[in-house]
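Asks: Heads up: take any position in the sequence shown, counting from 1, add 5, and you land on my numbering.
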Amino acid sequence: MERKIERKENLEVVISCTVNGEEWTKAVKKEFNKRAAKVTVPGFRQGKAPLNLVRARVNQAEVLNDALFNVANVALKEAVEEEKLQIYSEPKLVSVDKISDEEAVFALGFCLPPVVTLGQYKDLNVALEEVKAGTKEVNAFINDLKAKQAVMQVKEGEAKVGDTVIIDFEGFLGEEAFEGGTANGYELELGSNSFVPGFEDQLVGIKAGEHRSILVTFPTNYVEQLKGKEARFEVTCQDVKEKVLPELDEEFFEELKIEGVTDEKTLKAHAKKQVLAQKQNAARNAQVETIINTAVANATVEIPSSMIKEEADAMLENVKKQVESAGLSYEDYVAIQGKSEEELENERKAEATKNLKAMLVVEQIIFAEHLEVTKEVLEEEYKAIAAQYSMDLEAVKNALKANEAQFVNQLRNKIFTEYMLANNAAKVEENVEEAKPAKKTTKKSTKKEEVAE
Numbered sequence: 006m007e008r009k010i011e012r013k014e015n016l017e018v019v020i021s022c023t024v025n026g027e028e029w030t031k032a033v034k035k036e037f038n039k040r041a042a043k044v045t046v047p048g049f050r051q052g053k054a055p056l057n058l059v060r061a062r063v064n065q066a067e068v069l070n071d072a073l074f075n076v077a078n079v080a081l082k083e084a085v086e087e088e089k090l091q092i093y094s095e096p097k098l099v100s101v102d103k104i105s106d107e108e109a110v111f112a113l114g115f116c117l118p119p120v121v122t123l124g125q126y127k128d129l130n131v132a133l134e135e136v137k138a139g140t141k142e143v144n145a146f147i148n149d150l151k152a153k154q155a156v157m158q159v160k161e162g163e164a165k166v167g168d169t170v171i172i173d174f175e176g177f178l179g180e181e182a183f184e185g186g187t188a189n190g191y192e193l194e195l196g197s198n199s200f201v202p203g204f205e206d207q208l209v210g211i212k213a214g215e216h217r218s219i220l221v222t223f224p225t226n227y228v229e230q231l232k233g234k235e236a237r238f239e240v241t242c243q244d245v246k247e248k249v250l251p252e253l254d255e256e257f258f259e260e261l262k263i264e265g266v267t268d269e270k271t272l273k274a275h276a277k278k279q280v281l282a283q284k285q286n287a288a289r290n291a292q293v294e295t296i297i298n299t300a301v302a303n304a305t306v307e308i309p310s311s312m313i314k315e316e317a318d319a320m321l322e323n324v325k326k327q328v329e330s331a332g333l334s335y336e337d338y339v340a341i342q343g344k345s346e347e348e349l350e351n352e353r354k355a356e357a358t359k360n361l362k363a364m365l366v367v368e369q370i371i372f373a374e375h376l377e378v379t380k381e382v383l384e385e386e387y388k389a390i391a392a393q394y395s396m397d398l399e400a401v402k403n404a405l406k407a408n409e410a411q412f413v414n415q416l417r418n419k420i421f422t423e424y425m426l427a428n429n430a431a432k433v434e435e436n437v438e439e440a441k442p443a444k445k446t447t448k449k450s451t452k453k454e455e456v457a458e
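(1) If you draw a straight line from the alpha carbon of residue 393 to that of residue 386, how long is it in whole angstroms?
(2) On a Cα-Cα basis, can you pick out the residue from 90, 249, 47 and 40 that is closest to residue 66?
(3) Does residue 362 pass the burial test, meaning 16 or more other C-beta atoms within 10 Å, or should it be called exposed?
(4) Does DSSP put residue 85 in a helix, a strand or coil?
(5) List the endpoints of the continuous alpha helix (DSSP H) containing residue 267.
(6) Which partner residues of residue 114 appear in the DSSP bridge assignment?
(7) When you compare each of 227, 309 and 207 to residue 219 by their alpha carbons, which one comes out closest?
(8) Taking the C-alpha atoms as reference points, what is the distance between residue 24 and residue 82?
(9) Check for me: the alpha helix (DSSP H) holding residue 234 runs from which residue to which?
(10) Give me, in chain order, the residues of the same chain whose beta-carbon lies closer than 6 Å to that of residue 93; leave out the 5 immediate sequence neighbours on both sides.
(11) According to DSSP, is residue 443 part of a helix, a strand, or is it coil?
(12) Suppose you measure from the CA of residue 339 to the CA of residue 184; what does that come to, to the nearest Å?
(13) The alpha helix (DSSP H) that contains residue 223, what's its start and end?
(14) Specify the secondary structure class of residue 130 as computed by DSSP and reduced to three states.
(15) Measure the C-alpha to C-alpha separation of residue 113 and residue 90 and round it to an integer number of angstroms.
(16) Could you work out which residue in 422, 29, 16 and 288 is closest to residue 111 when comparing CA atoms only?
(17) State the DSSP-derived secondary structure class of residue 408, mapped to helix, strand or coil.
(18) Using a Cβ-Cβ cutoff of less than 8 Å, which residues in the same chain neighbour residue 229 once the five nearest sequence positions on both sides are dropped?
(19) Below 8 Å, can you find three or more Cβ-Cβ pairs linking the stretch 145-154 to the stretch 220-227?
(20) Just how far apart, CA to CA, sit residue 431 and residue 133?
(21) Can you name, in chain order, every residue of its own chain whose Cβ lies under 6 Å from the Cβ of residue 440, other than the five neighbours on each side?
(22) Give me the residue from 297, 289 and 155 with the minimum Cα distance to residue 425.
(23) If you run the structure through DSSP and keep just helix, strand and coil, what is residue 185?
(24) Please confirm if the stretch 193-211 is in contact with the stretch 278-289, defined as three or more CB-CB distances below 8 Å between the two stretches.
Following this line, the structure appears as structure tokens:
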């Protein structure tokens with residue numbers, strides 16, 4: 006057997022083979038004999054019929070294909086052993102250039118495992134952003150709490166931005182109504198930008214019972230049958246509703262049900278504490294993200310093409326499911342994106358490559374620093390949870406048993422994050438003024454100086 010091994014980009018390996026002579030003849034004969042032994046020719050005992058009659062009843066294409074499969078397996082095994090290769094993806098026939106009773110010329114292909122070479126991932130000195138809870142942010146937090154207790158009530162007069170209009174509408178292209186352009190009793194908050202650009206703007210000022218004709222132009226990155234087209238909507242307003250926020254009175258605080266919050270003063274203190282905690286958490290997350298991104302950028306990673314394809318295909322399937330759940334076809338989604346399928350595929354591959362690189366670098370750091378979740382570490386975590394919630398240890402284990410794999414993965418991520426912070430966060434230096442030594446003076450005071458003192 007003649008064999009040639011080529012290492013290509015993205016860790017692809019191609020083994021080109023030519024099998025002829027006695028080796029190929031034996032392989033073909035072996036497969037032929039397997040089938041010939043099972044052939045029945047009328048008038049002859051099984052295995053005793055003339056060869057020409059048997060051959061007529063054996064599918065020679067199947068014989069050659071099975072012989073090819075066998076010699077390909079031999080070629081793969083020998084190449085892997087000789088070159089000490091590790092197979093990552095399932096080996097496949099890349100090509101069959103020739104196959105006959107005398108010779109087979111073919112090529113096998115597969116991918117090697119990813120290769121990760123870590124760069125600097127410690128002592129990166131990434132600072133934590135200092136944050137404060139500003140007055141506007143505190144007020145916004147309080148307004149959000151008030152909004153949760155807000156009520157919608159019918160208002161007299163014109164609708165303004167922020168109001169909700171209840172409308173019936175029908176859309177037309179020219180004089181013909183188009184599919185999906187009709188609704189009754191639809192609740193639309195003006196300013197939410199949930200409709201075609203220009204639609205909501207033209208409803209500002211509308212009153213209950215009023216009818217309006219609205220002209221809009223659909224964006225060019227819209228569904229195929231509507232993109233870039235001008236449409237007319239006939240809209241009738243049933244009602245206009247406004248959001249009424251509650252007063253900061255006793256009833257509001259009772260409904261709020263936040264421990265220790267009983268008046269406006271304690272509400273502001275609570276809001277400030279919550280806003281600060283949220284911003285501190287966001288700052289910490291940003292610090293961790295910067296640390297990991299820097300470690301990933303410093304590493305060199307080779308990723309097999311098959312691995313990238315698998316990840317990109319999984320991303321595509323996820324997008325299709327999301328699109329379908331939103332009531333759109335994938336073709337509509339592509340049209341809305343305003344990009345070709347090829348462009349979207351390239352974007353998916355780029356994102357898949359980025360995600361895989363980050364994942365592989367993280368895995369390599371975990372391996373290098375022995376950050377895996379051992380039985381001892383898991384047991385200590387169970388004990389900590391039991392103590393925190395005043396639960397029996399076995400009860401904690403039983404409660405988490407069904408999702409233990411997910412729990413272990415979360416714990417693993419926690420250990421990794423803590424390690425990266427401990428080894429990469431900028432050290433906060435204490436601002437301590439050095440004590441100044443007292444000046445030595447030789448006191449030769451006069452009576453006048455003594456009086457001044």
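Where a beta carbon is used, it is the ideal one built from N, C-alpha and C, also for glycine.
All figures in this text were calculated on a predicted structure; none of them were measured in a lab.
Replies: Concretely, from the data shown:
(1) Walking along the sequence shown from the start, residue 393 turns up at place 388. Walking along the sequence shown from the start, residue 386 turns up at place 381. Cα to Cα, residue 393 sits roughly 10 Å from residue 386.
(2) Translated into positions along the sequence shown, residue 66 becomes position 61. Comparing Cα-Cα distances from residue 66 to each of 90, 249, 47 and 40, the minimum goes to 40.
(3) Locating residue 362 in the sequence shown gives position 357, where the first residue counts as 1. Under this definition residue 362 is a buried residue.
(4) Along the sequence shown, read from residue 1 onward, the residue named residue 85 stands at position 80. In this structure, DSSP gives residue 85 a helical state, which the three-state scheme calls helix.
(5) In the sequence shown, the residue the question calls residue 267 occupies position 262. Residue 267 -> no alpha helix (DSSP H), and no H or E assigned at all.
(6) In the sequence shown, counting from the first residue as 1, residue 114 sits at position 109. Looking at the DSSP assignment, residue 114 forms a beta bridge with 19 and 97.
(7) One-based indexing of the sequence shown puts residue 219 at position 214. Minimum Cα distance to residue 219 is reached at 207.
(8) Along the sequence shown, one-based indexing puts residue 24 at 19. Along the sequence shown, one-based indexing puts residue 82 at 77. Between residue 24 and residue 82, the alpha-carbon positions lie close to 15 Å from each other.
(9) Reading the sequence shown from its first residue, position 229 is the one you call residue 234. For residue 234, there is no enclosing alpha helix (DSSP H), as DSSP gives it neither H nor E.
(10) Locating residue 93 in the sequence shown gives position 88, where the first residue counts as 1. Excluding positions up to five away in sequence, the list reads 116, 117, 118 and 309.
(11) Translated into positions along the sequence shown, residue 443 becomes position 438. Only weak support exists for where residue 443 lies, its pLDDT of 48 falling under 50; the value from the coordinates is given anyway. Of the three classes helix, strand and coil, the one that applies to residue 443 here is coil, per DSSP.
(12) On the sequence shown, position 334 is the one that residue 339 refers to. On the sequence shown, position 179 is the one that residue 184 refers to. Here the alpha carbons of residue 184 and residue 339 stand approximately 19 Å from one another.
(13) Here the question's residue 223 lines up with position 218 in the sequence shown. Careful: residue 223 lies outside any alpha helix (DSSP H) and carries neither H nor E.
(14) As a working mapping, residue 130 is identified with position 125 in the sequence shown. It is coil, neither helix nor strand.
(15) Within the sequence shown, residue 113 is the residue found at index 108, counting from 1. Within the sequence shown, residue 90 is the residue found at index 85, counting from 1. Rounded to whole angstroms, the separation of the alpha carbons of residue 90 and residue 113 is 14 Å.
(16) What you label residue 111 is simply residue 106 of the sequence shown in a count that begins at 1. Selected option, being the one with the closest Cα: 29.
(17) The count along the sequence shown starts at 1 and reaches residue 408 at position 403. It is coil, neither helix nor strand.
(18) Your numbering for residue 229 matches position 224 in the sequence shown. 336, 337 and 340, listed in sequence order.
(19) No, because fewer than three Cβ pairs between the stretch 145-154 and the stretch 220-227 fall closer than 8 Å, the two stretches do not touch.
(20) Along the sequence shown, one-based indexing puts residue 431 at 426. Along the sequence shown, one-based indexing puts residue 133 at 128. Distance from the CA atom of residue 431 to the CA atom of residue 133, rounded to whole angstroms, is 7 Å.
(21) For the purposes of this step, residue 440 is identified with residue 435 of the sequence shown, where counting begins at 1. Caution is warranted here: a pLDDT of 44 is assigned to residue 440, below 50, making its placement in the model unreliable, and the coordinate value is therefore given only provisionally. Cβ contact annotation for residue 440 (same chain, cutoff 6 Å, sequence separation greater than five): none.
(22) Taking the first residue of the sequence shown as 1, we reach residue 425 at position 420. Per the Cα distances, 297.
(23) The residue given as residue 185 occupies position 180 in the sequence shown. Note: residue 185 maps to strand in three-state DSSP.
(24) By the Cβ criterion, the stretch 193-211 is not in contact with the stretch 278-289, since fewer than three pairs of Cβ atoms, one from each stretch, lie closer than 8 Å.
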